[in-house]
Amino acid sequence: MSQRMSAFSFFVGAKSDALPKGPGRKKWFRQAGPISLAFLGAAALLSFGANLWVPQDPTYQDLLYRLVPPFEIGEGVSYLLGTDQLGRDVFSRLVHGGKVSFAVGLATATLAMLIGGFLGLIAAYFRGWQEAVILRVVDIQTAFPFLIVAIAIVSIVGAGVNTIIFTLVIWLWTPFARLAHAKSLSVKESEFYRAAISSGRSGFGLVFQHIVPNITGAMMVVWTFVVAQTIIAESSMSYLGLGVPLSTPTWGSMLSEGRNYLETAWWIATFPAVAIMLTVLCVNVFGDWLSDRLDPQTKEI
Amino acid sequence: MLRVLGSRALQLILVVLGISTLLFFLVRVSGDPALAVAGSEATTEDIEIIRESLGLNRSIFEQYFAFLIKLATLNFGDSYIYLQPSMPLILEALPSTLYLSFVAFALAMLVAIPAGIFAAVKRRNASGRFILSMSMLGQSIPPFIIGIFMILVFSVWLQWLPSFGNEQPTSIIMPAIALSAVLMARHTRLVRAYFIEEMNRGYVRTGKSLGFNNRRIRFKHILRNISVPMLSLIGIDLGKFVGGAVIIEAVFAWPGIGSLMVNAVKARDYPMLEAGVFTVAVMVVLVNLIVDLLYQFVDPRLRAKVN
Amino acid sequence: MNLAEQKVDTVVSIKNLDVVFNTASGPLQAIHTTNWSVAPGETFVILGESGAGKSVSVHAVSGLLPSTARITGSIEFEGNEILGADQESLRKLRAEKIGVIFQDPLTSLDPCFKVGAQIAEIFQVHRGMSKDEAWNQAVSLLDSVQIPDPERRANQFPHQLSGGQRQRVMIAMAIALEPKLLIADEPTTALDASVQVAVLELIQRLRDQRDMAVVLITHNIGVAAAIADRIAIMYAGRIVETGTAQEVLRSPKHPYTQALLSSMPRIGASKAELLTTISGTPPSLATIPSGCAFHPRCTRAIEKCKTDVPRLEPTKQSVNHIFSCHNPAEGA
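Following this line, the structure appears as structure tokens:
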């Protein structure tokens with residue numbers, strides 16, 4: 563075992579024996595993965611279709627109904643989760659806010675997987691200086707605090723969904739690159755790969771036919787954990803005002819507004835906080851479930 | 004040992020230089036800092052004057068040369084917001100950030116190591132599994148949300164602790180807990196996993212065959228052995244910790260460099276930002292240097308190679 | 017010879033030993049009604065392929081089986097039953113009276129401590145010595161296992177020693193408290209052939225000097241031939257043949273022993289070489305064949321072998337040479 567752990571195990575924070583396995587594990591726990599996925603799917607669908615069903619325009623301000631507590635029926639208007647300091651409906655904002663979280667999470671993780679996976683394959687395929695450069699960059703990035711980089715990039719490029727995705731992708735490609743590199747190297751050691759080479763095959767056809775299928779399972783597992791990381795990072799950036807413009811509701815910016823009203827209106831911050839927690843927890847539970855099935859060894863890298 | 008030190012020092016210079024240079028060019032490419040300084044109501048002449056005073060009318064290479072001199076002398080210019088040299092402002096806020104980071108880190112380790120060992124030893128019991136589940140939950144909650152919930156409970160509801168600033172001795176409690184939570188959860192899992200791995204090692208079996216009791220095997224031998232991989236992880240984590248500190252400082256209005264930098268972004272206060280990024284880069288590389296040196300000390304296999 | 021005398025003559029004696037592992041997929045029996053004993057100054061070798069249960073039976077004595085193991089039968093140590101004795105006194109007894117050497121000396125030593133400190137720790141814990149006293153004792157012990165320049169070696173870490181030196185350190189640790197029984201679990205398997213001989217000679221010399229009983233586990237017939245006074249052949253959790261080294265090696269009775277020996281016995285023979293002469297592979301614990309476990313690979317198998325487990329019975333020539341076969345070759 564190498565003494566220094568890879569970015570991946572660092573990232574996932576899990577190693578072998580992470581959860582009790584086998585018959586000792588409760589039945590409901592084995593179903594936790596699919597249940598989480600169903601919950602996430604429903605939440606994402608409801609968010610993306612928010613325009614079709616939520617009771618209010620999330621940006622509509624009604625100063626007559628400022629800071630209405632949740633579960634109270636007003637005169638002719640009902641605010642399920644209350645209203646914020648500008649009289650906007652917290653429930654509608656919460657549903658709309660999910661759009662940014664889910665969109666950024668899915669887009670970032672997918673882009674990062676493609677880019678990181680590609681660079682990892684290059685490193686493993688060519689070895690040589692390509693490998694040295696790529697792994698060195700991965701090492702340096704791993705040790706550097708993400709939010710500082712995000713601050714620097716946002717200060718230069720300006721806030722927005724694209725900036726967030728760009729920032730997160732140039733940050734989160736590293737675990738994919740390291741995983742793709744490590745896995746491809748072990749595939750290259752294998753008998754069937756050598757057999758393919760000795761039969762005269764070479765080049766990228768070989769890579770796509772033999773290496774790519776062998777690393778997709780592990781990459782999918784990392785992908786889910788990166789989605790969770792991305793959702794946390796996006797909400798952190800939005801909280802700091804480094805995210806999308808304030809006109810678009812996001813869970814992070816709702817939290818940041820609610821922070822100033824904690825004393826008088828707990829609900830503004832609490833509901834988006836619960837939304838973030840539940841979403842991240844579900845993604846992590848699903849990822850864990852997935853890794854048990856697709857790639858039991860990845861956790862040990 | 005000297006060679007490691009030398010190569011690390013070189014790396015420090017390269018990383019800091021690289022990051023600073025990147026930042027410098029991106030800032031110049033992305034728009035005119037003078038506009039940001041002047042604000043929306045400035046006239047064309049005002050902007051021209053500001054541009055001249057900031058040296059922005061010179062060629063980019065002259066500017067870069069001037070920037071390198073600034074870097075070497077640690078003088079990044081006056082902050083646009085505070086109208087004072089930015090580096091001293093950062094350095095003034097640095098102890099506050101280090102204080103928060105250190106307390107949070109110590110707290111995380113003080114909890115994670117015993118909890119991880121307990122969860123490893125009792126891994127088949129309900130208590131061990133409970134700790135494992137808690138640590139998984141802890142990793143799913145972003146630190147700033149923990150901060151907000153703690154404010155709700157301990158400041159608003161129970162009114163025990165101050166919700167912002169660093170005026171009272173108790174002010175550190177909530178920011179430190181919020182900042183340490185993720186690390187605590189992660190390292191509990193890691194200590195547990197490493198510990199379980201080590202429990203199957205040959206030297207543990209040897210210790211048993213020699214009639215050593217469990218306490219000796221666990222706390223003298225296994226703990227000593229897991230300190231090797233733990234240390235390298237701690238090196239990576241300490242760097243990330245600074246990033247986590249930024250947002251916790253924002254939540255608790257903690258007067259550190261994180262708060263300064265977040266405000267600097269919003270005001271496009273580049274001198275402040277450059278000084279901040281520079282300081283963080285130096286700190287990250289320094290921490291890694293220290294960890295690397297400790298690593299040589301902790302792992303006899305490496306120590307032998309170096310000497 | 018009466019019974020009382022015999023007890024004094026035996027360091028350890030196991031009778032009707034059964035070991036069952038509780039696994040997720042149900043209980044697995046690793047050892048079936050096994051008997052053996054060993055006397056002071058005697059070397060008893062248990063020979064068999066991997067998975068035959070060699071290690072399990074001796075580690076039932078050393079106490080190093082995992083907690084999932086259920087041990088039944090009897091284990092007498094110097095005449096006292098130790099199965100079911102309380103854990104604390106058992107731990108003390110094993111520390112003082114039983115020394116263990118393992119296959120891989122590199123992983124068996126703690127990589128983070130100097131070898132001198134690891135030996136000294138034994139004296140500090142069990143003899144209450146001061147750090148300096150224990151260290152000096154450790155250095156002289158290293159000298160007695162023939163490590164040259166012991167002062168310098170004591171200050172080194174395990175990875176700085178050669179494989180043979182590490183195994184000598186392991187032996188030093190095992191004999192530090194002058195045990196009555198030395199268990200050597202494949203002590204030479206991880207070593208170069210040239211070093212194997214030296215380590216075996218060291219074990220033999222220490223046995224003679226200290227009048228220890230030695231139980232050595234190996235899959236290597238050459239090792240067994242080099243060191244054994246008595247040999248037991250194990251197959252699928254049972255002893256199938258046992259006797260003096262000469263009896264078992266010169267006139268093997270069990271078809272399995274005969275097949276084993278027909279491979280060229282020499283020190284350093286690999287497992288693969290051993291297996292080439294016997295068709296088929298040894299059974300796993302989960303799929304032990306009925307009757308005589310060896311029957312699917314046996315050239316002399318008859319109907320009865322598939323259903324009845326053969327009993328261990330003495331040969332015509334010697335009451336101590338015992339084997340279990342329904343259909344032994346002529347002359348048995």
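Chains as they are written, first to last, in my numbering: chain B, 563 to 863; chain R, 4 to 310; chain W, 17 to 348. Cβ coordinates follow ideal geometry from the N, Cα and C atoms, glycine included.
query, result
"Which residues DSSP lists as bridging Ile-117 (chain W), in chain order", "W:Ala-200"
"Three or more C-beta pairs below 8 Å linking the region 75-83 of chain W and the region 24-39 of chain W", "yes"
"Helix, strand or coil at Gly-357 (chain W) [DSSP, three-state]", "The requested residue 357 (chain W) is not part of the displayed model; chain W covers only 17 to 348."
"Inter-residue spacing [alpha-carbon to alpha-carbon] between Gln-692 (chain B) and Ser-746 (chain B)", "15 Å"
"Simplified DSSP assignment, three categories, for Val-36 (chain W)", "strand"
"Per-residue burial, Val-245 (chain R) [other beta carbons within 10 Å of its own, 16 or more giving buried]", "buried"
"Residue-level contact to chain R via CB, Ile-732 (chain B), 7 Å cutoff", "no"
"Start-end ranges of the alpha helix (DSSP H) lying completely within the region 755-834 of chain B, minimum 4 residues", "765-768, 774-801, 813-821"
"Within the region 129-205 of chain W, ranges of the beta strand (DSSP E) (whole runs, at least 3 residues)", "197-201"
"Burial state of Gly-238 (chain R) (16 or more Cβ within 10 Å)", "buried"
"Cβ of Pro-98 (chain R) within 7 Å of any chain W Cβ", "no"
"Check whether Leu-164 (chain R) and Ile-176 (chain R) have beta carbons under 7 Å apart", "yes"
"Buried or exposed by the 16-neighbour rule on C-beta atoms within 10 Å, applied to Ile-72 (chain R)", "exposed"
"8 Å CB neighbourhood of Gly-803 (chain B) in its chain, flanking five on each side removed", "Ala-721, Ser-815, Ser-818"
"Among W:Ala-192, W:Leu-122, W:Gly-180, W:Pro-121, nearest to Trp-355 (chain W) - alpha-carbon criterion", "A query on residue 355 (chain W) cannot be resolved here, the shown segment of chain W reaching from 17 to 348 and no further."
"Contact set between Ser-41 (chain W) and chain R, taken where Cβ atoms lie within less than 9 Å", "Residues of chain R passing the Cβ test: none, with the nearest at roughly 17 Å."
"CA nearest to the CA of Glu-751 (chain B), picked from B:Thr-736, B:Ser-761, B:Ile-773, B:Ala-835", "B:Ile-773"
"Cutoff 7 Å: Val-723 (chain B) Cβ touching any chain R Cβ", "no"
"Closer than 9 Å at the beta carbon, the chain W residues around Tyr-298 (chain R)", "Result: empty, since nearest Cβ-Cβ is about 13 Å, beyond 9 Å."
"The beta strand (DSSP E) enclosing Ile-233 (chain W), as first and last residue numbers", "229-234"
"Neighbourhood of Thr-786 (chain B) by C-beta distance below 7 Å, restricted to the same chain and skipping five residues each side", "Val-845, Phe-848, Gly-849, Leu-852"
"Alpha-carbon spacing of Gly-644 (chain B) relative to Ala-612 (chain B), whole angstroms", "18 Å"
"Unbroken stretches of the alpha helix (DSSP H), 4 residues or longer, contained in the region 242-277 of chain W", "261-266"
"Whole-number beta carbon distance between Phe-173 (chain W) and Ala-154 (chain W), since they are thought to touch under 8 Å", "That belief does not hold up - the Cβ atoms of Ala-154 (chain W) and Phe-173 (chain W) are roughly 14 Å apart, past 8 Å."
"Strand pairing of Lys-31 (chain W), partner residues [DSSP]", "W:Ser-90"
"Cutoff 7 Å: Leu-94 (chain R) Cβ touching any chain B Cβ", "no"
"Closer than 7 Å to chain R by CB, Phe-708 (chain B)", "yes"
"Touch test, the region 195-213 of chain W against the region 226-239 of chain W, Cβ-Cβ under 8 Å, three pairs minimum", "yes"
"Phe-60 (chain W) - DSSP class collapsed to helix/strand/coil", "strand"
"Start-to-end residues for the alpha helix (DSSP H) that takes in Asn-51 (chain W)", "Per DSSP, Asn-51 (chain W) belongs to no alpha helix (DSSP H); it is in the beta strand (DSSP E), 42-54."
"Residues sharing a beta bridge with Ala-85 (chain W), DSSP", "W:Phe-37"
"Local Cβ density within 10 Å of Thr-297 (chain W), reported as buried at 16 or more and exposed below that", "exposed"
"7 Å Cβ shell around Phe-570 (chain B) - same chain, five flanking residues per side excluded", "In this prediction, Phe-570 (chain B) has a pLDDT of 32, which is less than 50 and means its spatial position is unreliable; what the coordinates show is noted afterwards. Excluding positions up to five away in sequence, the list reads Pro-737, Arg-740, Leu-741, Val-784, Ile-863."
"Minimum Cβ-Cβ distance from Pro-281 (chain W) to chain R less than 7 Å", "Confidence in Pro-281 (chain W) is poor, its pLDDT being 48 and thus under 50, which makes the residue's placement unreliable; the coordinate value appears in the next sentence. No, no contact with chain R."
"Closer than 8 Å at the beta carbon, the chain W residues around His-224 (chain R)", "Asp-126, Cys-128, Phe-129"
"Proximal chain W residues relative to Tyr-206 (chain R), where beta-carbon distance stays under 8 Å", "Thr-123, Ser-124, Leu-125, Asp-126, Pro-127"
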